[in-house]
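*Asks:* Going by the numbering used here, the sequence shown opens with residue 1, and the numbers climb by one from there.
We put the CB at the ideal spot given by N, CA and C, even for glycine.
Okay, here's the structure, questions in a sec.
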Amino acid sequence: MKRTAEITLSIIGGALSLLALISGIRILSIDTNALRVQLMASATNSNQNITSSDIDNVIQLVHILGTTLIVISAISIVLAIAALVLLFLRKKPVLSGVLLIVAGVVSLPALFPGILYLIAGIINLVRKPRKQLE
């Protein structure tokens, strides 16, 4: 049975997860001192009372966001690759569907890859092979 839709959705989801992974790496590579200076300058220009601890909290939040993107994307990419291998080998479509659903749930914070993985996993579980007429 052809599984073109599931494979296509999984590959697109994997590409989007890869973009999220690259974004997480780029977020972690931000120079914190330059960001601190930029945030302090924008706070003084807009006449807001922002303390140094507020800026430290924002920088810490940015690092948590980057780390979360990297971890979520890496896990979902590994699960999607395993599901794609099972799809290409045309073996165990149920396991492949479950792996795609797990990848979708894991990558839901990245939204679009999660939705694509969930759709591909559900299609994979619902679609039944055609019975051969003899």
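#1: Using a Cβ-Cβ cutoff of less than 6 Å, which residues in the same chain neighbour K92 once the five nearest sequence positions on both sides are dropped?
#2: Work out the CA separation of V106 and I75 for me, nearest whole Å.
#3: So, for S10: in the same chain, excluding its five sequence neighbours on each side, which residues have a beta-carbon less than 8 Å away from its beta-carbon?
#4: Do the region 44-51 and the region 22-33 make contact, defined as three or more Cβ pairs closer than 8 Å?
#5: Just to confirm before moving on: does the CB-CB distance between L125 and G104 stay below 8 Å?
#6: What's the gap between the Cα of L39 and the Cα of I70?
*Replies:* The structure says:
#1: The answer, listed in chain order, is L86.
#2: Taking the straight line joining both Cα atoms gives about 8 Å.
#3: Correct list, in chain order: A80, A83, L84, L87, L100, L116, Y117 and A120.
#4: The region 22-33 and the region 44-51 do not touch, with fewer than three beta-carbon pairs separated by less than 8 Å.
#5: For the 8 Å CB-CB criterion, L125 and G104 do not form a contact.
#6: Their Cα atoms are separated by approximately 24 Å.
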